[in-house]
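K.L.:
Got a structure for you, questions after.
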């Protein structure tokens with residue numbers, strides 16, 4: 501055919517040939533960032549297969565230097581929106597295809613695109629420590645995306661969770 505269908509965070513998108521235009525199946529607009537993420541995924545070298553080894557953003561080339569800026573738009577955002585309300589976080593996660601995270605008090609392994617997942621680990625706070633959130637990725641993500649693209653993918657997920665959690 502003249503197109504290929506792919507899902508980005510459960511949103512069905514279609515890439516049309518020969519111009520590589522990315523459009524949503526439902527007719528809604530696709531951001532330039534989402535289009536870039538889809539096209540970069542499709543041009544990945546060889547098959548995209550998870551290796552089963554989780555890494556943090558810091559493990560990506562350039563990730564150490566960019567991590568603090570990314571945390572403001574991702575994990576810090578989640579903590580500011582959800583606090584200790586784990587049920588609200590679970591309801592927000594339910595908007596995305598995911599499985600429960602094997603660690604933490606809440607969170608999930610969210611299916612981002614194809615074989616790429618983002619693991620959200622959320623820990624409730626107590627009288628001594630505030631709540632915390634972490635994001636993990638399969639090591640293979642570095643063969644598909646640059647640190648900037650992983651940051652865009654992570655931001656997209658966390659902003660989406662925050663919007664649902666905030667009632668937007």
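Residue numbers (this note's numbering): 501 to 668. Backbone N, C-alpha and C fix where the C-beta goes; we use that ideal spot for every residue, glycine too. Only a predicted model underlies this, so the values are computations on that prediction, with no experimental measurement involved.
1) Verify whether the separation of the beta carbon atoms of residue 611 and residue 619 is less than 7 Å.
2) Would you check if the distance between the CB atom of residue 615 and the CB atom of residue 548 is smaller than 7 Å?
3) Would you give the residue range spanned by the beta strand (DSSP E) that residue 599 belongs to?
4) Are there three or more Cβ pairs, one per stretch, closer than 8 Å when the region 632 to 642 is compared with the region 549 to 564?
5) Could you work out which residue in 509, 504, 508 is closest to residue 515 when comparing CA atoms only?
6) Between the region 649 to 656 and the region 593 to 611, do at least 3 Cβ pairs fall closer than 8 Å?
7) How is residue 519 classed by DSSP in three states: helix, strand or coil?
8) Using the Cβ count rule (16 or more neighbours within 10 Å means buried), how would you classify residue 598?
9) Can you name the residues that DSSP bridges to residue 632?
P.N.:
The structure says:
1) Numbered from its first residue, the chain shown carries residue 611 at position 111. Numbered from its first residue, the chain shown carries residue 619 at position 119. In this structure, residue 619 does not lie closer than 7 Å to residue 611 by Cβ.
2) Within the chain shown, the letter at position 115 stands for residue 615. Within the chain shown, the letter at position 48 stands for residue 548. In contact: residue 615 and residue 548 (Cβ atoms closer than 7 Å).
3) On the chain shown, position 99 is the one that residue 599 refers to. Unbroken beta strand (DSSP E) run through residue 599: 598 to 600.
4) yes
5) Locating residue 515 in the chain shown gives position 15, counting from the first residue. Closest by alpha carbon: 504.
6) no
7) As a first step, residue 519 must be located in the chain shown, where it is residue number 19. Three-state DSSP puts residue 519 in coil, outside helix and strand.
8) Here residue 598 refers to the residue found at position 98 when the chain shown is read from its first residue. Residue 598 comes out buried.
9) If you number the chain shown from 1, residue 632 lands on position 132. Answer by DSSP bridge pairing, in chain order: 623.
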